[in-house]
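Plus 103 on top of the position in the sequence shown (first one is 1) and you've got the numbering used here.
A virtual CB, placed ideally from N, CA and C, is assigned to each residue, including glycine.
For reference, the structure discussed in these notes is given below.
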Amino acid sequence: MTAGGAAARPLTLVTGGTRGIGAAVALRLAAAGHDLVLGYAADDDAAAATAAAVARHGAACALVRADVTTDDGVADLFARAAEAGRLTGVVNNAGATLHVGPLAETPAHVVRRVVDLNLTAAVLVARAAVRALSTARGGAGGVLVNVSSAAATTGAPGEYVHYAAAKAGVDALTRGLALEVAGEGVRVVGVAPGTVDTGIHAGAGDPGRAARVAAAHPMGRVGTPQDVADAVAFLLSDAAAYVAGTTLRVAGGR
104 MTAGGAAARP
114 LTLVTGGTRG
124 IGAAVALRLA
134 AAGHDLVLGY
144 AADDDAAAAT
154 AAAVARHGAA
164 CALVRADVTT
174 DDGVADLFAR
184 AAEAGRLTGV
194 VNNAGATLHV
204 GPLAETPAHV
214 VRRVVDLNLT
224 AAVLVARAAV
234 RALSTARGGA
244 GGVLVNVSSA
254 AATTGAPGEY
264 VHYAAAKAGV
274 DALTRGLALE
284 VAGEGVRVVG
294 VAPGTVDTGI
304 HAGAGDPGRA
314 ARVAAAHPMG
324 RVGTPQDVAD
334 AVAFLLSDAA
344 AYVAGTTLRV
354 AGGR
């Protein structure tokens with residue numbers, strides 16, 4: 104409780120929190136009363152724009168430029184988050200496909216970068232999240248939401264099976280870690296978006312992909328960042344207090 108007797112506002116860290124799904128999550132959580140720490144890799148303009156939008160909801164927002172594929176980047180991100188207050192939630196969202204094509208035609212260095220960002224970095228962020236949130240380590244407890252992908256179960260043949268394999272690892276992380284830390288006040292859950300209309304496709308060299316595959320979806324459309332943000336907000340909320348160790352698929356029926 105604060106000095107005036109009001110409940111303290113939740114403080115949530117979002118990696119990859121200033122563009123695409125991450126930015127939508129930030130805005131959705133700000134509207135729900137969260138203060139935020141937003142990690143991002145490089146785009147200062149997008150970070151400033153997202154922080155300004157968050158502020159219009161009355162939320163405090165700290166921006167941290169950090170490379171979560173490095174030990175120093177993860178450590179700095181969580182150190183800066185600790186300066187903002189006591190964390191109550193982490194959204195482990197940073198990720199990218201970087202390339203579209205069959206695995207045999209994907210350069211080896213791209214495969215390594217994709218696995219490093221989407222799996223290794225996700226595991227290390229989750230590790231740091233537990234160290235910050237666990238009541239056994241002096242934290243207040245809280246929720247870790249790992250952002251996976253529907254590709255983890257479809258395999259994404261012909262597009263990015265290496266990315267799908269990395270995201271399948273994230274699903275395993277969610278399941279195992281949830282069992283490991285449930286007794287420490289940490290609830291671990293996941294969300295698996297399907298195709299979502301964000302800049303991730305352009306970043307992989309295929310800006311028209313979302314529009315091209317929309318007709319193949321049962322609902323006749325791809326997802327929006329808001330679709331995913333609403334699911335993340337639910338998983339962080341008390342309405343999901345008995346949800347743990349599972350990954351919620353947000354993929355329009357695919």
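Which two residues bound the contiguous alpha helix (DSSP H) that contains residue i?
i: Gly125; result: 123-134
i: Pro328; result: 328-339
i: Thr153; result: 147-158
i: Val226; result: 224-236
i: Ala165; result: Careful: Ala165 lies outside any alpha helix (DSSP H), inside the beta strand (DSSP E) at 164-168.
Am I right that residue i and residue j are in contact with their C-beta atoms under 8 angstroms? What's the rounded C-beta distance?
i: Val292; j: Val250; result: At roughly 11 angstroms, the Cβ-Cβ gap does not stay under 8 angstroms, so Val292 and Val250 are not in contact.
i: Tyr263; j: His202; result: 6 angstroms
i: Gly123; j: Pro328; result: 6 angstroms
i: Ala197; j: Gly119; result: 3 angstroms
i: Thr121; j: Leu132; result: In fact, because the Cβ distance is near 13 angstroms, the residues do not count as touching under 8 angstroms.
i: Ala187; j: Ala165; result: 5 angstroms
i: Leu247; j: Ala225; result: That belief does not hold up - the Cβ atoms of Leu247 and Ala225 are roughly 10 angstroms apart, past 8 angstroms.
i: Thr277; j: Gly348; result: 7 angstroms
Determine the DSSP secondary structure at residue i, reduced to helix, strand or coil.
i: Thr118; result: coil
i: Gly176; result: helix
i: Val273; result: helix
i: Thr350; result: strand
i: Leu282; result: helix
i: Ala182; result: helix
i: Gly325; result: According to the sequence provided, residue 325 is Val. The question's Gly does not apply to it. Val325 falls in the coil class under three-state DSSP.
i: Arg290; result: strand
i: Ala106; result: In this predicted model, Ala106 has a pLDDT of only 45, less than 50, meaning its place in the structure is not dependable; the value taken from the coordinates is given anyway. Ala106 falls in the coil class under three-state DSSP.
i: Asn221; result: helix
So, at 6 angstroms on beta carbons, what are the nonlocal neighbours of residue i in its own chain, with the 5 sequence-adjacent residues on each side left out?
i: Gly297; result: Ala253, Gly326, Ala354, Gly355, Arg357
i: Glu287; result: Ser237, Thr238, Ala239
i: Ala184; result: Leu116, Val140, Leu190
I need the boundaries of the beta strand (DSSP E) containing residue i, first residue and last residue.
i: Asp138; result: 138-143
i: Gly245; result: 245-250
Output needed for residue i: all residues of its chain with C-beta closer than 7 angstroms, excluding positions within five of it in sequence on either side, in chain order.
i: Lys270; result: Asn221, Ser251, Ser252, Ala254, Ala255
Short of 8 angstroms in beta carbon distance, which residues of its chain neighbour residue i, apart from the five on each side in sequence? Order them along the chain.
i: Ala151; result: Leu166
Indicate whether the contact test is met: 3 or more Cβ pairs, each with one atom in the stretch 134-145 and one in the stretch 165-180, closer than 8 angstroms. yes
Is there contact between the stretch 116-127 and the stretch 319-338, where contact requires at least three CB pairs shorter than 8 angstroms? yes
Three or more C-beta pairs under 8 angstroms: does that hold for the stretch 235-244 against the stretch 208-222? no
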